[in-house]
Amino acid sequence: KGVERAKGMSRALSELHELELPHIVLEDLDSPTLEETELHHLETVRRLRLGSYLTATDGKGSWGVFRIEKSTLIPVKVKQFCERPKVVSEICIAITKSGKPELVTQKLTELGVGSISFFFSERSVPKWDAHKIEKNHNKLLKVSRLALAQSKGVWLPKIELGGSFKEVVKDTGIALAHLSGSKMTNEVRRIAIGPEGGWSSEELDTPNPKYSFHRSILRAETAAIAAATILESETA
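For reference, each letter of the sequence shown is one residue, going 6 to 241 in the working numbering.
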């Protein structure tokens, strides 16, 4: 059954990609209305006009083909659904300098990571208050939606922002990326990436398993993208 389910998911995604139509993310495919900003983007950036066709997903596995009619999208085919893999990948990354969380979110969404969490480690440089955390979280959600549309995906990742190493990583069993750790195996589905200054001695002393997946010391954002590529290649 698992093989047949995977084949069905692959066929549904293949059909979506073969259509070669612009792809967008909507809140609700059953009420597919466009905000003025979204319509403006489609008309000015994507060069679409009334009567043009596109595909849309709700970011929860469903997608369909629609025709643009003013601010409304008219469905032209029955919706399809792609099941999420039973085992999803999860990456936690220590919050890095301005701009880099957006880059990481964009690339990890494109790669199909199931969960992305940003946390404050002992050596994290940024220090954000609750207002900035909320503001940046909303920004990352928008970045993820655009990345999903660009990559023609159908599942948005879960995105969390804030929390300390102890709250997000310690005692969770998630692996820590570490150059001197054991070579990462196919069984690893969850990994945490440290800050640019590396893990503190206290963080390394936790019982979380330590794995290495590259011979070089990578920047935090590079490590997150590399780890996501490895994890998602195992679910392909």
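Note that beta-carbon positions come from the ideal geometry of N, C-alpha and C, so glycine has one too.
Cβ neighbours of residue i in the same chain (closer than 6 angstroms, five flanking residues each side left out)
i      : result
Pro214 : Ala180
Ala152 : Gln111, Thr114, Glu115
Gly167 : Ile138
His142 : Leu166
Buried versus exposed call for residue i [16 or more other C-beta atoms within 10 Å across all chains shown]
i      : result
Gln111 : buried
Lys6   : Its pLDDT being 44, under 50, Lys6 is placed unreliably by the model, and nothing is read from it.
Val8   : Unreliable positioning characterises Val8 in this predicted model, as indicated by a pLDDT of 39, which lies under 50. A coordinate reading is not provided.
Ala228 : buried
Ala99  : buried
Ser67  : buried
Ser221 : exposed
Lys105 : buried
Ala135 : exposed
Ser122 : buried
Limits of the beta strand (DSSP E) - the one that residue i falls within
i      : result
Pro106 : Element bounds for Pro106: not the beta strand (DSSP E) but the alpha helix (DSSP H), 105 to 116.
His183 : 180 to 188
Ile164 : 163 to 169
Which listed residue (the options) has its alpha carbon closest to that of residue i
i      : options                      : result
Tyr216 : Lys140, Gly199, Glu226       : Gly199
His22  : Leu34, Gly69, Leu44          : Gly69
Gly64  : Arg51, Thr190, Leu34, Asp210 : Leu34
Val173 : Thr211, Arg150, Phe71, Thr38 : Thr211
Leu39  : Val50, Glu208, Glu74         : Glu74
N- and C-terminal bounds of the alpha helix (DSSP H) containing residue i
i      : result
Leu151 : 135 to 156
Close Cβ partners of residue i (< 8 angstroms) along its chain, the five nearest in sequence each way excluded
i      : result
Glu48  : Arg54
Lys144 : Glu107
Glu139 : none
Arg10  : At Arg10 the pLDDT is 44, less than 50, meaning the model places this residue with poor confidence; the figure from the coordinates comes in the next sentence. If we look at Arg10 and ignore the five residues flanking it on each side, its Cβ neighbours are Glu88.
Glu237 : Ser94, Leu116, Gly117, Val118
Cβ shell of residue i (< 7 angstroms), same chain only, five flanking positions each side left out
i      : result
Lys102 : Val130, Pro131
His219 : Ala231
Just checking, does the segment 74 to 88 make contact with the segment 170 to 188 on the three C-beta pairs under 8 angstroms criterion? no
Would you be able to state if there are at least three C-beta pairs under 8 angstroms between the segment 14 to 30 and the segment 48 to 62? yes
If we count Cβ pairs, one from each stretch, closer than 8 angstroms, do we get three or more for the segment 91 to 101 versus the segment 178 to 198? yes
Is it true that the segment 160 to 167 meets the segment 181 to 190, where meeting means three or more beta-carbon pairs spaced less than 8 angstroms apart? no
Validate contact between the segment 81 to 88 and the segment 108 to 125 using beta carbons, cut 8 angstroms, 3 pairs: no
contact_flag[the segment 202 to 210, the segment 120 to 134] where n(CB pairs < 8 angstroms) is 3 or more: yes
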